[in-house]
Amino acid sequence: MSPAAGTTLQPRVGGQRNVTLIDLLDRLLQGGVVIQGQITLAAADIDLVEIDLRVLVAAVQKVAQR
Amino acid sequence: MTLLVYAVTRSEPTADVASQGLDGRPLRTVTAPGGLAAIVSDSSAPPMATEEALLCYEGAVEAVMNQRAVLPVRFGTTVPDEATIAEFLGQRHDQLASALQRVEGAVEIGVRANWPPDDAASRPDGTGRGTAYLRRRLEQRRRAQRLAEAIDEALSPLARDRACRVLPRPQTPMWGAYLVDRDRVDAFTSACDRLHDAHEDAEIVWTGPWPPYSFAGGEDR
């Protein structure tokens with residue numbers, strides 16, 4: 001796969017989209033530059049089919065506690 | 067009206083990003099003295115962490131990444147105005163500039179090992195008394211540690227940097243993020259595929275290339 005993949009997220013692991021979405025959550029909600037005190041999220045309303053709910057809830061709570 | 071912040075980059079003349087932000091709002095660049103810039107869009111409310119919003123955010127950061135070195139900002143970061151983000155870029159200039167230098171020309175590849183759901187040995191079931199349960203937990207952790215070491219031994223020579231966790235979740239013996247030079251991505255992912263083929267007791271998958279979320283400054287990872 002070319003490193004310069006398109007600007008939309010393609011299924012990257014043999015069509016196992018849940019794998020990609022978990023990794024997406026891991027990164028967007030727990031990685032990245034943190035600007036202290038500035039993170040606010042509205043209530044999550046995500047399609048949780050095939051996703052480990054505990055991971056998301058833990059991540060969102062972690063963000064909300066900041 | 068607040069600003070949603072997507073990424074930190076160097077300010078460069080070719081700053082227009084051909085991608086949209088959340089809610090279809092255009093991305094724009096806020097530059098700060100010292101040569102750093104932030105990619106932002108207007109935002110009327112804190113973002114919802116919906117799948118659509120997360121994918122849109124990721125797409126915006128990837129569009130920037132395809133043009134220049136980028137540090138993704140954690141999803142959901144809003145600031146009241148341009149002066150606030152410019153002040154942040156000024157205060158953290160040295161740290162952010164060196165992080166940009168570290169990720170220049172590289173992408174993040176995610177590597178994860180999964181034990182299959184029917185792998186009883188990987189699942190301490192909570193039954194049994196004290197020592198037997200603890201012994202199973204200990205054996206599970208040792209098994210995860212061995213697998214993580216085998217994976218890292220094969221992959222770290224192909225990467226610039228990495229951040230790995232052992233057994234972050236019960237069915238996940240290893241979670242890793244590797245910072246890989248763009249021209250070594252194919253070699254790296256081929257090595258991942260070989261690891262997957264070589265381990266029958268675990269599924270080893272890679273995802274990416276990602277913007278360097280796990281190498282953006284090292285906060286609490």
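Protein chains in written order, with my numbering: chain D, 1 to 66; chain W, 67 to 287.
Every residue, glycine too, gets a C-beta built ideally from N, C-alpha and C.
- Inter-residue distance for Ser-109 of chain W and Leu-166 of chain W is about 26 Å (C-alpha atoms, whole angstroms).
- Taking 7 Å as the Cβ-Cβ cut-off, the stretch 121-143 of chain W approaches chain D at Leu-121, Tyr-123, Glu-124, Gly-125, Glu-128, Ala-129, Asn-132, Leu-137, Pro-138, Val-139, Arg-140, Phe-141, Gly-142 and Thr-143, given in chain order.
- Close to Gly-283 of chain W, with beta-carbon spacing below 7 Å, are these residues of chain D in chain order: Val-33.
- With respect to the 8 Å criterion, Glu-117 of chain W and Trp-276 of chain W are not classified as neighbours on the basis of their beta carbons.
- Excluding residues up to 5 positions away in sequence, Ala-257, Arg-260 and Leu-261 lie with their Cβ nearer than 8 Å to the Cβ of Ala-220 of chain W in the same chain.
- Runs of alpha helix (DSSP H) with 4 or more residues, each lying fully within the stretch 93-180 of chain W, are found at 117-131, 148-157 and 159-169, listed in chain order.
- The stretch 139-152 of chain W and the stretch 210-225 of chain W do not touch, with fewer than 3 CB-CB distances between them shorter than 8 Å.
- The C-alpha of Ile-270 of chain W is placed about 27 Å away from the C-alpha of Tyr-199 of chain W.
- Three or more beta-carbon pairs separated by less than 8 Å link the stretch 100-108 of chain W to the stretch 145-164 of chain W, which places the two stretches in contact.
- Under DSSP, Ile-270 of chain W takes part in a beta bridge, and its partners are W:Ala-179.
- In terms of Cα proximity to Pro-138 of chain W, the closest of W:Asp-267, W:Val-127 and W:Leu-233 is W:Val-127.
- From the listed residues W:Thr-97, W:Phe-254 and W:Arg-168, the smallest Cα separation to Ala-152 of chain W is found for W:Thr-97.
- Interface residue (Cβ-Cβ distance to chain D less than 8 Å): Glu-153 of chain W is not classified as such.
- According to DSSP, residue pairing for Gln-86 of chain W in a beta bridge involves W:Pro-92.
- In this structure, Val-136 of chain W and Tyr-244 of chain W do not form a Cβ contact; the two beta carbons are roughly 17 Å apart against a cut-off of 8 Å.
- Ala-243 of chain W sits in a strand when the DSSP states are folded into three classes.
- In the three-state scheme derived from DSSP, where H, G and I count as helix and E and B as strand, Ala-229 of chain W is classed as strand.
- Interface residue (Cβ-Cβ distance to chain D less than 8 Å): Ser-256 of chain W is not classified as such.
- Contact between Ser-280 of chain W and Ala-210 of chain W is absent: CB atoms are separated by about 19 Å, not below the 8 Å threshold.
- The beta carbon of Tyr-279 of chain W sits closer than 8 Å to some beta carbon of chain D.
- In terms of beta-carbon proximity, Gly-176 of chain W lines the interface with chain D, with at least one pair separated by less than 8 Å.
- Only exposed fits Gly-90 of chain W, as fewer than 16 other CB atoms lie within 10 angstroms of its CB.
- By the criterion of a C-beta distance shorter than 6 Å, Leu-28 of chain D is surrounded by no residue of its chain, once the five residues flanking it on both sides are discounted.
- About 7 Å separates the beta carbons of Arg-140 of chain W and Val-33 of chain D, which is inside the 8 Å limit, making them a contact pair.
- Residues Leu-70, Gly-87, Arg-91 and Leu-93 of the same chain have their beta carbon placed closer than 6 Å to that of Ser-107 of chain W, with the five preceding and five following residues left out of the count.
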